[in-house]
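Numbering (mature numbering (1 follows the signal peptide of the UniProt record, and there is no 0)), first residue to last: -19 to -1, 1 to 591. Here's the structure we're looking at; comments come further down.
What follows is the structure, encoded as structure tokens:
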């Protein structure tokens, strides 16, 4: 659901954060003063910051409070919950095993660990390999809604943690075809580490990464085991900061790192020193180079590699866990890196502010455009629909995003929601946006012979104009009629109050409104969880949120069918032709929406049983 929004915004990045801080930034002090302003302005309770070169620390410390209640400040030793940044540590651990000859990135998973209960109908031609897990190209669904967080402070062995995610381990398309972010991949990698070394993943990472780097205040914990050293987590959904529980992460190997700015600076210097003292330079380079996806094979050098992602000229990883938001970035060429984390209200664009200061006056690597090969690109003109859902449950929402590739004045453009973006060809079927430093758009053909578009890491398949537009028009009309049912329902209640409608006429006009209200009820509670993802723990058991989602969507389905039945049963009670047309259109629209939700698993959704 959020993918569609981020997909648009990825091509409309502005300098909003800089506009908020007009002061020129010419020194680290200027930078930290500007960050302090943003922290206060965005009501961020506590922020950790570390900035370094490969040899010296430019800044290590924090802003605000780790614990608001007792006014405990954020310092260079305060431990933040860094979430998916853990994946970079997991990838380093795997690379270490590769260097030791215990593993090969191209090893099929089934040969390394045949006991892992995954399914892949393309296994003979396209097996799941270790590299697919690292680069998130396995095709597995991400965690189920009830298998992300728990409120119980319970530890699981590496093997049991892996088996807990079994319901997601089914390839939805050919491995090595599409990138889609998946925490389950890294839980499987943790089990691989355990099988090859005999050590639980957290102990292996501690002994082989944290200890050699002297990251002595860091650790891997599924929940906050040392609250006096860790940040408290806060939510501001009500407009005021409120402490929330430190939830237990069930796929812990994908995001259990707690660390401080002092320690994370040592981790950044590992990359800036080309892997010293843990990995060889070639292993670091491999971590930065995606190879397994269709995008990589088409020639794109950008994308998600081994627990390591590109952000323009920078590399790094982000982390979101509980209410903490984190990121680290580095550029080996310029020799700079930084890490940042907050315990509520995001990062407020502070990463862009830091990057702008660090990379100021640094030469950019230009990409030379080549003349457009119109004959080669012509078959790829047309409409493309996203087909890389992170969660199967939300796949139908992702598919609403439609991209049109067209040519105008001998220039290729991609059109999203009516806004055109110019593309420049760099190599055959590889394109870049003007002003970008790396190409992120490629055209290719998949294993089924379908033309595909890879754009900003997302995978989209070519569809006919009729299918691309027609069902979206149907969904749009269904949505309009659903909203119209609410107006009709309130209008009917008004007329019934003044005895201008019979009970039969009221029933026909109010039932659709009741159906939509049930749907709104279910959507509201689901969006509350999406907005404050720490609430996912409430989907693990029957409770207010999980039962509200179940009842909202299920009762919408029941009342939509009931309404259609009653409309035909009480047909004669609808007096005018216009009223009949509107009521029938509303009724069939609700049934159509019900059908879409049913085939996508929302009608009868009991999150605690997934």
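Heads up, the beta-carbon is just placed ideally off N, CA and C, and yes, glycines get one too. No experiment lies behind these values; they were computed from the predicted model shown.
Quiz prompt | Proximal residues to residue 119 (C-beta, below 6 angstroms), its chain only, five neighbours per side dropped | solution = Result list for residue 119: 109, 113, 156 and 166, in chain order.
Self-check item: C-beta neighbour in chain C for residue 342, strict 8 angstroms
Solution: In the displayed structure, chain C is absent; only one protein chain is listed.
Quiz prompt | residue 214 - partner residues in DSSP beta bridges | solution = Note: residue 214 is bridge-paired with 225 in the DSSP secondary-structure output.
Quiz item: In whole angstroms, what separates the C-alpha of residue 587 from that of residue 211?
Solution: Cα-Cα distance, rounded: 34 angstroms.
Quiz item: Tell me the DSSP bridge mates of residue 404?
Solution: For residue 404, which the question treats as bridged, DSSP gives the partners 393.
Quiz item: Can you name the start and end residues of the beta strand (DSSP E) that residue 299 belongs to?
Solution: Note, residue 299: beta strand (DSSP E), 295 to 302.
Quiz prompt | Nearest to residue 266 (by Cα), restricted to the options 277, 252 and 259 | solution = Among 277, 252 and 259, the Cα nearest to that of residue 266 belongs to 252.
Self-check item: residue 321 vs residue 532 beta-carbon contact at 8 angstroms
Solution: Between residue 321 and residue 532, the gap from beta carbon to beta carbon reaches 8 angstroms or more.
Quiz item: In the structure shown, what three-state DSSP assignment does residue 460 receive?
Solution: In the structure shown, residue 460 adopts helical secondary structure according to DSSP, grouped into three states.
Quiz item: Would you report the Cα separation of residue 151 and residue 276, rounded to the nearest angstrom?
Solution: Roughly 22 angstroms between the two C-alpha positions.
Quiz item: In three-state DSSP terms, what is residue 48?
Solution: Secondary structure of residue 48 (DSSP, three-state): strand.
Exercise. Figure out for me which residue from 62, 18 and 233 has the closest Cα to the Cα of residue 325.
Key: Residue 62 is the option with its Cα nearest to residue 325.
Quiz item: Name the DSSP beta bridge partners of residue 387, please?
Solution: Note: residue 387 is bridge-paired with 394 in the DSSP secondary-structure output.
Quiz item: Is the distance from the Cβ of residue 203 to the Cβ of residue 68 below 8 angstroms?
Solution: Contact: no.
Exercise. Within the same chain, show all residues whose beta-carbon is closer than 6 angstroms to that of residue 502, passing over the 5 residues directly before and after it, in chain order.
Key: 533.
Self-check item: Residue range of the alpha helix (DSSP H) that includes residue 172
Solution: Segment 164 to 178, the alpha helix (DSSP H) holding residue 172.
Practice problem: Under 7 angstroms Cβ to Cβ from residue 620, same chain only, skipping five residues before and after it: list those, please. | Solution: The structure shown does not extend to residue 620, since the chain is modelled only from -19 to 591, so the question has no answer here.
Exercise. Answer yes if the segment 351 to 368 comes into contact with the segment 405 to 418, meaning at least three C-beta pairs across the two stretches below 8 angstroms, and no otherwise.
Key: Taking 8 angstroms as the limit for Cβ pairs, the verdict is that the segment 351 to 368 does touch the segment 405 to 418.
Quiz item: With C-beta atoms as the reference, is residue 131 less than 8 angstroms away from residue 515?
Solution: Contact: no.
Self-check item: Top-ranked residue by Cα proximity to residue 106, from 116, 70 and 158
Solution: If we check each option's Cα against that of residue 106, 158 comes out closest.
Quiz prompt | Length of the line joining the Cα atoms of residue 476 and residue 482 | solution = Each residue's Cα considered, the two are about 6 angstroms apart.
Quiz item: Since residue 84 and residue 145 are thought to touch, with beta carbons under 8 angstroms apart, how far apart are those beta carbons, to the nearest angstrom?
Solution: With 8 angstroms as the limit, residue 84 and residue 145 do not qualify as a contact, their Cβ atoms being about 24 angstroms apart.
Quiz item: In terms of residue numbering, what span does the alpha helix (DSSP H) encompassing residue 503 cover?
Solution: Run containing residue 503: 484 to 512, per the alpha helix (DSSP H) assignment.
Quiz prompt | Segment limits, beta strand (DSSP E) that includes residue 61 | solution = First-last of the beta strand (DSSP E) with residue 61: 61 to 64.
Exercise. Would you check if the segment 233 to 247 and the segment 189 to 208 touch, i.e. whether three or more CB-CB distances between them fall below 8 angstroms?
Key: Taking a cut-off of 8 angstroms on C-beta distances, the segment 189 to 208 touches the segment 233 to 247, as three or more cross pairs fall below it.
Quiz item: Between the segment 326 to 341 and the segment 90 to 101, do three or more beta carbon pairs fall short of 8 angstroms?
Solution: No, the segment 326 to 341 does not touch the segment 90 to 101.
Quiz item: Can you tell which of 88, 296, 72 and 529 has its C-alpha closest to the C-alpha of residue 318?
Solution: Nearest neighbour of residue 318 by Cα position, chosen from 88, 296, 72 and 529, turns out to be 296.
Self-check item: Burial state of residue 561 (16 or more Cβ within 10 Å)
Solution: With fewer than 16 other CB atoms across the displayed protein chains lying within 10 angstroms of its CB, residue 561 is exposed.
Quiz prompt | Length of the line joining the Cα atoms of residue 32 and residue 536 | solution = Distance between the alpha carbons of residue 32 and residue 536: 53 angstroms.
Practice problem: Look up residue 559 in the DSSP assignment and give the residues it is bridged to. | Solution: According to DSSP, which records beta bridges pairwise, residue 559 is partnered with nothing at all.
Quiz item: Secondary structure at residue 313, three-state DSSP: helix, strand or coil?
Solution: Coil at residue 313, not helix or strand.
Quiz item: Who pairs with residue 130 in a beta bridge, going by DSSP?
Solution: DSSP, once it has assigned bridges, lists 230 as partnering residue 130.
Quiz item: Expressed to the nearest angstrom, what Euclidean distance is found between the alpha-carbon atoms of residue 494 and residue 541?
Solution: Going from the Cα of residue 494 to the Cα of residue 541 covers about 10 angstroms.
Exercise. Pick out whichever of 418, 262 and 527 has its Cα sitting closest to the Cα of residue 127.
Key: Residue 527 is the option with its Cα nearest to residue 127.
Exercise. Name the one or two DSSP bridge partners that residue 305 has.
Key: Beta-bridge partners assigned by DSSP to residue 305: 302.
Self-check item: Classification of residue 183 by the beta-carbon crowding that lies within 10 angstroms, buried from 16 upward
Solution: It is buried - the Cβ of residue 183 has at least 16 other Cβ atoms within 10 Å.
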